[in-house]
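Encoded as structure tokens, the structure appears first; notes follow it.
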Amino acid sequence: MKNPLLWKSISLALLVIVLMIPLSMVRSAIAERAEFRHEAQQDIATSWGGEQRLVGPLLVQKYEILVAKEAWDEKLDAYVEKKAWEPRTVVLFPDRLEIRGDATVQQRYRGIHAVPVYSADLAIEATLEVPPAPTGARNIVNRVVVGVGDTRGFRQQPLLRLDETPLEVLPGTETAMRNGVHAILDVEPGRYPVSAELALGGTGRFSVAPVGGNTIMQLSSNWPHPRFSGGYLPEKSDIGAAGFQADWQTSLYATTAREAVESCARHGNCNFAPTQLITVELADPVNIYLLNERSTKYGMLFVLVVFGVFLVFEVLKRLRVHPVQYGMVGLGQALFFTGPYLESVETLAHDSGAGRNRR
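Residue 281 in our numbering sits at position 160 of the sequence shown, and the numbers go up by one each step.
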């Protein structure tokens, strides 16, 4: 060929395309390892308790009311009025909701994978109004309902009190909301202070639906890497090596959480939007698989830089470097990510957990 530089450039371009194959295999290996980590997280969450979402306390009033409806009567060949008892459900929210909690975080392990889990001691105070049922209603039942994300996280029996009087706590919510507890109220209509104490374990994140007319939340923990997400940032927060403390405050005018909770309690549609919740995540400060994925994105850049240096060396020094030599160097760089690099990063992450408590 008359232009050897052009021929060499074409050869190197083809070689770079070929080297993209092992680099893509490296990305697949990283994705597979990340999936193993996700499976370890799910395994621990299954036995410890998954992500927790606190809803309530709420007042749920159920009753039956006589309703007149028109129905076709074949004998009379006309519409006639018929009366039947129909069930009704009313969901009422607290005027005031205060939540104070302390979450103790520890690491649980599956193989080399560390998963932060928490045990939260929560003290909740609210003011609920029990309304009078409509005239003529029957089978009237008032319940205090507290919903959670995963009932496996209950570390002990929840406590519910009505104006300092203990209530009998029963499993389930008796609504379409799947997870939670409830207590039956046998009281006259009026406003009542309600309090709850929960010992709740969970994994990954903790969320609260701010359903109060005014919602105040204070949360502290020994985890030094919180991520405040959801629709509300804390009014103030203090984060240090010993953990964090954060305070939130919001009102019903700044949230649509009530609409979401009512839909959940009535119809079982409990897919809350992230912006409807106050959320704290136990962030992983160093995700080795995310870092590995980022590094492989620069793998081809490293190969191109080395090839470029060799090509400049060829032109300036007039010394030939065979394409096979280019290929061996590029292949060595590509395999570095899946061999020594990935393995060493995982080993360092594993060794950093020396002295941990294995589950």
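We treat Cβ as the ideally placed atom computed from N, Cα and C, and that holds for glycine.
First and last residue of the uninterrupted beta strand (DSSP E) at residue i
i	result
S262	Sequence check: residue 262 is Val here, not Ser. Here the beta strand (DSSP E) through V262 covers 259-268.
E202	199-213
P347	347-351
H234	234-251
Q370	364-372
G222	217-231
F327	326-329
E402	399-403
L340	335-342
V302	301-306
R439	Element bounds for R439: n/a, residue is neither H nor E.
R282	280-283
G361	357-361
Per-residue burial, residue i [other beta carbons within 10 Å of its own, 16 or more giving buried]
i	result
R477	For R477, the predicted structure reports a pLDDT of 44, less than 50, and the residue's modelled location is therefore unreliable. A value from the coordinates is still provided. Looking at its Cβ environment, which holds fewer than 16 other Cβ atoms inside 10 Å, R477 is exposed.
S145	exposed
K129	buried
D307	exposed
H388	exposed
S149	exposed
T286	exposed
I138	exposed
Q278	exposed
I131	exposed
Endpoints, the alpha helix (DSSP H) within which residue i is located
i	result
E383	378-388
Selected residue, minimal CA-CA separation from residue i, among the options
i	options	result
T377	A362, A386, V262, A394	A394
V176	A386, P444, M449	A386
L422	L127, K129, A134, L440	A134
P347	G325, I337, M338, P331	G325
P237	G171, Q370, L432, E153	G171
N260	E356, P208, A161	P208
V262	E309, V315, R154	E309
S168	R231, V211, G222	R231
A101	R276, V445, Q228	Any property of residue 101 remains undetermined from this structure, which presents the chain solely from 122 to 480.
G361	Y374, A375, W344, P355	W344
G364	L340, A381, L354, L291	L340
E380	P331, V290, Y200, A247	P331
H443	F431, L281, A297	F431
Q366	N392, V401, N335, N390	V401
Distance between beta carbons of residue j and residue i, contact taken as under 8 angstroms
i	j	result
V251	G333	So it is not a contact: roughly 17 angstroms between Cβ atoms.
I245	A317	4 angstroms
G352	S328	Wrong, their Cβ atoms sit about 10 angstroms apart, outside the cutoff.
Q173	G270	4 angstroms
F428	Y447	6 angstroms
Contact with chain C by residue i, beta-carbon distance below 8 angstroms
i	result
R276	Although the question refers to chain C, the structure presented lacks it and comprises just one protein chain.
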